[in-house]
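Under the working numbering, the residue at position 1 of the sequence shown is numbered 1056, and the numbers go up by one with no gaps. Where a beta carbon is used, it is the ideal one built from N, C-alpha and C, also for glycine. This report refers to the structure that appears directly beneath it.
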Amino acid sequence: MNANKKILIVDDEPDILEFLSYNFRKKEFDVFTANSGLQGVKFAISESPDIIISDLLMPEMNGIEMCREIRKIGNHIPILFLTAVNDEYAFIDAMLSGGDQYVSKPIRFPYLLMMVNQLMESKAENI
């Protein structure tokens, strides 16, 4: 079902990148990773992923700034924020920046996979 679907995971925590990469590869996604928002923008442009999962708090450029930059260039890739920041203001900022979904850590992979699939299906319906 997810063969050849590209996912970009942006997080500054290597353990999170490894965990998510491993699990999404098991579900037949092509996985790209970035450890900062700045790298995330570059990969979003060069790799054209089907979806982006991003942390909020990262060095160089945070997830909200990354999302704004991606939206500024006219890219409508679904962006799901996965973060330990469980705060209504962070949620509002994330959504106003152009984010599509907000999921709090700790990570429950089956739930995260369901959210990713829903966002990709929604994008496909709107094309």
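Got a sec? Which residues, its chain only, sit under 7 Å from Asn1130 by beta carbon, not counting five neighbours each side?
Ala1099
To the nearest whole angstrom, what separates the beta carbons of Phe1136 and Gly1118, a pair I think is in contact under 8 Å?
6 Å
According to DSSP, is Val1171 part of a helix, a strand, or is it coil?
Val1171 falls in the helix class under three-state DSSP.
May I ask you to verify whether the segment 1153 to 1160 touches the segment 1086 to 1096, counting CB pairs closer than 8 Å and requiring at least 3?
The answer is no - the segment 1086 to 1096 does not touch the segment 1153 to 1160, with fewer than three Cβ pairs under 8 Å.
Nearest-angstrom beta carbon gap, Met1175 and Ile1106 [assumed within contact, 8 Å]:
6 Å
Taking the beta carbon of Ile1128 as the centre, do at least 16 other beta carbons fall within 10 Å, making it buried, or is it exposed?
exposed
Report the partner residues of Val1158 according to the DSSP bridge assignment.
Leu1137
Nearest-angstrom Cα separation, counted from Glu1180 out to Asp1067
32 Å
Which one or two residues does DSSP pair with Leu1063 in a beta bridge?
Phe1087 and Ile1107
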